[in-house]
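> Handing you a structure now.
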Amino acid sequence: MTRFDFNHPPFDQLEPAERQTLEAQADIVFFGDDETILGPGDTVDALWIVLKGIVREMAGDEVIGVYRKDDVFDARALVTGATAHRFVVHEEALLLSLPRAALIALTERNLRFGAYFFASVSEKFGVLSERSGSRELQTLLTATVGDVELRTPVCVEGSLSLREAARTMKENKVKSLLVRDGERLGIYTTTDFREVIIEGIPYDTPLASLANFRLASVSRDDFLFNALLTMTRSNIRRLVVLEGGEAVGILSQVDVLSYFSNHSHLIAQRIARATTLAELAGAARQITRLTSILNSHGVKPVQLARLVQTLNAQLFERTWALVAPGELVANSCLVVMGSEGRGEQILKTDQDNALIIRDGFPADGVEAACQAFSAALEQFGYPPCPGGIMVSNAAWRFTESALAGQLRQWTWQPAGDALMNLAIFVDAEAVTGDAGLLASAKARLRELIADDAAFYARFAAAIEQFDTPLGMFAQLLTREADGEAVLDLKKGGIFPIVHGTRALALENGVHACNTHERLLELARLGVLADEMVEEVGEALAFLLGIKLESGLAALEDGQVPGNLIAPERLSAPERDLLKDAFAVVKRYKQQLRHHFKLGSF
Amino acid sequence: MLAAIKRGWQKHSLRDERYLALFDEHPDELVSVDCETTSLNVGEAELLSIGAVKIRGNRIIASETFDVLVRPEHRPEAKNVSVHGLRPRDLSAGLTPADAVGRLLDFIGGRALVGYYLEFDVAVLNKYVKPLIGCTLPNRQVELSARYYDYKFRQHPDSHVDLKLQTLIDELKVPALPRHDAAGDAITAAMLYLALKQRGFG
Chain X
1 MTRFDFNHPP FDQLEPAERQ TLEAQADIVF FGDDETILGP GDTVDALWIV
51 LKGIVREMAG DEVIGVYRKD DVFDARALVT GATAHRFVVH EEALLLSLPR
101 AALIALTERN LRFGAYFFAS VSEKFGVLSE RSGSRELQTL LTATVGDVEL
151 RTPVCVEGSL SLREAARTMK ENKVKSLLVR DGERLGIYTT TDFREVIIEG
201 IPYDTPLASL ANFRLASVSR DDFLFNALLT MTRSNIRRLV VLEGGEAVGI
251 LSQVDVLSYF SNHSHLIAQR IARATTLAEL AGAARQITRL TSILNSHGVK
301 PVQLARLVQT LNAQLFERTW ALVAPGELVA NSCLVVMGSE GRGEQILKTD
351 QDNALIIRDG FPADGVEAAC QAFSAALEQF GYPPCPGGIM VSNAAWRFTE
401 SALAGQLRQW TWQPAGDALM NLAIFVDAEA VTGDAGLLAS AKARLRELIA
451 DDAAFYARFA AAIEQFDTPL GMFAQLLTRE ADGEAVLDLK KGGIFPIVHG
501 TRALALENGV HACNTHERLL ELARLGVLAD EMVEEVGEAL AFLLGIKLES
551 GLAALEDGQV PGNLIAPERL SAPERDLLKD AFAVVKRYKQ QLRHHFKLGS
601 F
Chain L
1 MLAAIKRGWQ KHSLRDERYL ALFDEHPDEL VSVDCETTSL NVGEAELLSI
51 GAVKIRGNRI IASETFDVLV RPEHRPEAKN VSVHGLRPRD LSAGLTPADA
101 VGRLLDFIGG RALVGYYLEF DVAVLNKYVK PLIGCTLPNR QVELSARYYD
151 YKFRQHPDSH VDLKLQTLID ELKVPALPRH DAAGDAITAA MLYLALKQRG
201 FG
C-alpha cells in the first residue's frame, strides 16, 4: 500500500509494486501563493502531482490550465525536458515531486503507462477509450466484419442447373450460393426460387442466367458498422465478404442483427414501411433510444453520428414523401445542413433544412408541404431552429435562380448572418429529390469565390469570434464561488474545429461535408499535416462524445440538450483530456490564423 | 543563554565522539520525527517504530524517509495496538532499540528536530540515547503545537486555541495521509511545519 493515492491516471496503469517504487523516490514540496513552480528555461526534472491546493498554467498572461488535487503536470514538459508555460501556485500548494529519471524508467517497463507520456494527444485519447472499453461491452460498431462468425460461402459454377443448385443448397444447409461465371461473381438465394415458380422457368436453366451479379461486398477488415450501413442504404440482406479480392464469406443481415441487440436495421425498415406520420414519430423516438444504448456500450460518437445521420436521412425522406406531392418531390431537392449535413448531430438539436425548387415549377402547394414537414419534424422531437433555418421559413425555400442570387449576396460580404448562413449552406447534403439541384448550387458557389482570396480570410475569421477555449479554464478559478462554472463546448472547441475545417475545405475544393472526411481529404491534399489531422479529429470526436454524454443526461432529466457542460462534473481523466482537446483547438486555430492571414484584418 | 549552558553540559557528557555531529546545527535542514510507543507514559513507554524525514528548504525529502520498526522488550498493550496497528508479530522483525536509535542519530545529525508534542518523543528517545552516547539529544526542537499556538494567538489573541492534531491538519490544509504510522506522521508533521513556516511561524 502506498502512502499517497495513485488511483488516478496515469498512475492507475502501474502495478502496486511499481507504485511503491515510484513513491519511494518522491519528495513533497510546499509552495506559497503565486510562487512559480516551473517556467520557461527551467530544467524539467520532475513530474508534479497536486496533493493539495491549486496550480495554474500560464501562457503569458493567459490562464490555460488549472490543476487541483490528483492532477498531474506537465507530461509534455517531462518528455521534451522544457516548457514554454509557467506553472504558478494559485492557492497554497503541496505537491508530490516525482523524479524524471524514475518516471522514464517506468515508462520503459510499463508500456501503457509510457503511452500516457509519449503518445501524442490523439493516442492518449485512445488510451482512455481503451480503458473504458475494457469495462464495457464491445458492440458491433467497434467490431470488424472479421469478428463475426461468417458463413462460409458455397461457391458454384454458373453452368450449374437450377435443380442442382437447389440440391447443393439443401445439402449444405445454406440459403445462398455464390455463382462464378467467368470473371463475374454473383449470388443466388432461396428467395430467387419464387421467380422460378412464378415465371415457370425450366429447372435445367443454368444459374448464370438468373443470378444477381450486382453484388454488394464488404472487406473483411471493414467495420461491421459499415456493412450495416451498406445493407441499410441498399435495402439488401446479404453482403459478400472479401479478403484480398477473394470471397471468403457471406455476411447476412441476421448475423449482424444477432450481434446488434438494438436493431438499427429494424428502425430503418420501420421508417421505410411507415405510411403515417405517427408511425414515423415512433421510429424517431427509437433513434434516440438507440443512440443512448449504443453510447453506453462504448460506441464512438463519430460512428454513432454517421449511423444516426443515415437513419435521420431516411426519416426525412419518408416524411417528405408523406407530406409533399410526388411532383414537388421530383422537382425539388430537400437538403439538410449544418451539423445534420455534416453527420455530426447525434441528438436532435436543430432542424437546419432547406428546399431548392426547380426554376419554373409552380409554387402552389409548396408552402403547405413545407409547413407540414417542419411541423412533423417538431413532433419527432427536433426543436424548431431558433434561427428559423428550416423549410417552413420562406427564406429557406429557394428556386434555383433565387438561391444563386442569395449565394452571391452572402459571398459578397461574409460577415454576421450572411456568414453563418453561408457556413450552414456549405455543409448541405441532399436528402431526397433531385440532388443535382444542390450540386449545381454548390458549383455556383465555388465559381463565385474561386478567384477571391480575401473571401476565405473573411469566412475563416469567424473562428476568432469566440474566446480562446483554454481561457475558459480561468473561469473555473473565479466562478466557483457563485455556483457551478460552465464551459461552452461548441464555442470553445467544436465550432473552431468545424468552421476552420469548413473554410479549408471550401478553399481547397473538398466536397465532403463531414468534418472527419474533410480533414482526411485535406491531409491527402497536403494542406494539413497528418499529425494535425489526427489530433484535431480525435479532439473533435472527444468533444462530441462529451457533448453527447451531457446531452443524454439532460434528456434523462427532461431537459433540452445543449452545449454547456460543467467541467466539475467530469471525471479527472476526462477533464485532463478536455484540456488536451482545447490545447489542440488552440494550436489548430493558430495554424488557421496563419494560413488565412487573419492577423492582417 | 540557558540553552547554551545546557548544550555545553550535554557536550561535556558525550562519551562517543562519533556523535559530535549532533552539536553542529545544520544551516538549512531540519528533521521531522515521530515515534510509536507502547504507552503514553514516558516511564513505561517502549519504542515500537521510529519515523523521520528531512526538510530541506520547502522540500520534504520523502524519498529518504527514515522508517524502522523496533522490537520492544515487553509486549505492547492491547489498547495501543489498536492505535498504531503494530501487533507483536509485526515487530518481531524489528531492530533492537539501541540499534534503531543509533541509526536515527546518524540520520538526524546536526539537524533541528520538528514534531507534534515532540517533548514526549524526545523523552522516550532519550531513554535509549543517554545510555548510548552519554547525553540526551542536544538538537534544537521545533514544537509544532507551540508554533501553531503562536500563529493562532497572533490572529485572535483572546480566543481559545485548539491544539488537537486534526485541527492543525484541517486549519493548515494539509492532506491527510491514509496510513497511520511513524513515517507517515513524520511526513504530516513536516507538511504542517512548512505550512506554518509559510505563515511566518517556522
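So the protein lines, in turn, are chains X and L.
full-length UniProt numbering applies: residue 1 is where the first sequence begins, and numbers increase by one.
full-length UniProt numbering applies: residue 1 is where the second sequence begins, and numbers increase by one.
For glycine and all other residues, C-beta sits at the position ideal for the given N, C-alpha and C.
All values reported here derive from a predicted model rather than from experimental measurement.
1. Return no unless some Cβ of chain X is closer than 7 Å to the Cβ of ALA176 (chain L).
2. Please state whether DSSP places MET191 (chain L) in a helix, a strand or coil.
3. Are the beta-carbon atoms belonging to LEU242 (chain X) and ALA227 (chain X) less than 7 Å from one another?
4. State the start and end residues of the unbroken alpha helix (DSSP H) segment that holds GLU429 (chain X).
5. Using three-state DSSP, classify LYS348 (chain X) as helix, strand or coil.
6. Look at the alpha carbon of ASP121 (chain L) and the alpha carbon of ILE49 (chain X), and state the distance between them as a whole number of angstroms.
7. I'd like to know if LEU194 (chain L) contacts chain X, where contact means its C-beta is closer than 7 Å to some C-beta of that chain.
8. Beta-carbon within less than 7 Å of ARG458 (chain X)'s beta-carbon, same chain only, minus the 5 sequence neighbours each way: which residues are those?
9. Does the CB of LYS52 (chain X) have a neighbour CB from chain L at under 7 Å?
10. Indicate whether at least one CB of chain X lies closer than 7 Å to the CB of GLY51 (chain L).
11. Interface residues of chain X around ALA186 (chain L) at Cβ under 8 Å?
12. From the beta carbon of ASP580 (chain X), is the nearest beta carbon of chain L less than 7 Å away?
13. Assuming PHE23 (chain L) and GLY110 (chain L) are in contact, meaning their beta carbons sit under 8 Å apart, how far apart are those beta carbons, in whole angstroms?
14. So is TRP396 (chain X) buried or exposed if we call it buried at 16+ other beta carbons inside 10 Å?
15. Are the segment 422-437 of chain X and the segment 379-386 of chain X in contact at 8 Å, needing three or more beta carbon pairs?
16. How is the alpha helix (DSSP H) around CYS370 (chain X) delimited, first residue to last?
17. For a contact meaning CB atoms closer than 8 Å, what does ILE169 (chain L) contact in chain X?
18. Under 7 Å between beta-carbons, which chain L residues line up against ARG32 (chain X)? List them in chain order, please.
19. Quick one: Cα of LEU95 (chain L) to Cα of VAL129 (chain L), how far?
20. Using the rule of at least 16 other Cβ atoms within 10 Å of the residue's Cβ for burial, across every protein chain shown, is ALA590 (chain X) buried or exposed?
21. Any chance you could list the alpha helix (DSSP H) runs of at least 4 consecutive residues sitting entirely within the segment 15-78 of chain X, in chain order?
22. Quick one, are the C-beta atoms of residue 603 (chain X) and VAL329 (chain X) less than 7 Å apart?
23. Give me whichever residues DSSP pairs with GLN141 (chain L) in a beta bridge.
24. Which residues, taken in chain order from the segment 103-120 of chain L, show a beta carbon closer than 7 Å to some beta carbon of chain X?
25. In angstroms, rounded to a whole number, what distance separates the CA positions of ALA183 (chain L) and PHE117 (chain X)?
26. So the candidates are X:TRP410, X:ALA439, X:GLY341 and X:ASN312; which of them puts its Cα closest to the Cα of residue 605 (chain X)?
27. Taking Cβ-Cβ distances shorter than 8 Å, what residues in chain X pair up with LYS173 (chain L)?
28. So does the segment 52-61 of chain X actually touch the segment 8-26 of chain X, counting three or more Cβ pairs closer than 8 Å?
29. Drop a sphere of 10 angstroms on the beta-carbon of HIS90 (chain X), count the other beta-carbons inside from all chains shown, and report buried for 16 or more, exposed for fewer.
30. In three-state DSSP terms, what is PRO157 (chain L)?
31. For ILE287 (chain X) versus ARG318 (chain X), is the C-beta spacing smaller than 7 Å?
32. Looking at VAL510 (chain X): is its Cβ nearer than 7 Å to the Cβ of ALA428 (chain X)?
33. Buried or exposed: which applies to TYR193 (chain L), given that a residue is buried once 16 or more other Cβ atoms fall within 10 Å of its Cβ?
34. Is it buried or exposed, ILE497 (chain X), if we count other Cβ atoms within 10 angstroms and call 16 or more buried?
35. Determine which residues of the segment 42-67 of chain L have a Cβ less than 7 Å from any Cβ of chain X, and write them out in chain order.
36. Does the distance from the CB of ALA195 (chain L) to the CB of ASP27 (chain X) come in under 7 Å?
Based on what the coordinates show:
1. With 7 Å as the cut-off, ALA176 (chain L) does not count as an interface residue toward chain X.
2. Helix, per DSSP.
3. In this structure, ALA227 (chain X) does not lie closer than 7 Å to LEU242 (chain X) by Cβ.
4. Unbroken run through GLU429 (chain X) is the beta strand (DSSP E), 429-433; no alpha helix (DSSP H).
5. Residue state for LYS348 (chain X) is assigned as coil, using DSSP reduced to three classes.
6. Rounded to whole angstroms, ASP121 (chain L) and ILE49 (chain X) show a C-alpha spacing of 31 Å.
7. For LEU194 (chain L), the closest Cβ of chain X is nearer than 7 Å.
8. Answer for ARG458 (chain X): PRO414 and ALA415, listed in chain order.
9. LYS52 (chain X) counts as touching chain L.
10. Closer than 7 Å: no.
11. Ordered by position in chain X, no residue passes the 8 Å Cβ test against ALA186 (chain L), which lies about 11 Å from the chain.
12. Interface residue (Cβ-Cβ distance to chain L less than 7 Å): ASP580 (chain X) is not classified as such.
13. About 7 Å separates the CB atoms of PHE23 (chain L) and GLY110 (chain L); that is less than 8 Å, so the two are in contact.
14. Per the 10 Å Cβ criterion, buried.
15. Contact between the segment 422-437 of chain X and the segment 379-386 of chain X is absent, because fewer than three Cβ pairs lie under 8 Å.
16. Boundaries of the alpha helix (DSSP H) around CYS370 (chain X): 366-379.
17. Within chain X, no residue comes near ILE169 (chain L); the closest Cβ sits about 11 Å away, beyond 8 Å.
18. Looking at the sequence itself, residue 32 (chain X) is Gly, so the reference to Arg does not match. What GLY32 (chain X) touches in chain L: GLN198.
19. Rounded to whole angstroms, LEU95 (chain L) and VAL129 (chain L) show a C-alpha spacing of 15 Å.
20. Position check: residue 590 (chain X) holds Gln in this sequence, whereas Ala was assumed. Counting the other CB atoms within 10 Å of its CB gives GLN590 (chain X) a total below 16, which places it among the exposed residues.
21. DSSP runs (the alpha helix (DSSP H)) wholly in the segment 15-78 of chain X: 16-24.
22. Residue 603 (chain X) falls outside the range modelled here, since chain X spans only 1 to 601, and no answer is possible.
23. Its beta-bridge partners are L:LEU113.
24. Per Cβ criterion, the list is empty.
25. If you take the alpha carbons of ALA183 (chain L) and PHE117 (chain X), they lie about 31 Å apart.
26. One cannot answer for residue 605 (chain X) here, as it falls past the ends of chain X, which runs 1 to 601.
27. Residues of chain X passing the Cβ test: LYS52, GLY53 and GLU92.
28. No, they do not touch.
29. With 16 or more other CB atoms across the displayed protein chains lying within 10 angstroms of its CB, HIS90 (chain X) is buried.
30. Reduced to three states, the DSSP call for PRO157 (chain L) is coil.
31. Result no, Cβ atoms of ILE287 (chain X) and ARG318 (chain X) do not sit closer than 7 Å.
32. The answer is no: Cβ separation not under 7 Å.
33. Using a 10 angstroms sphere on the CB of TYR193 (chain L), the tally of other CB atoms reaches 16 or more, which defines it as buried.
34. The residue is buried, with at least 16 neighbouring Cβ atoms inside 10 Å.
35. Answer in chain order: ASN58, ARG59, ILE60, ILE61, ALA62 and SER63.
36. For ALA195 (chain L) and ASP27 (chain X), no; Cβs fall outside 7 Å.
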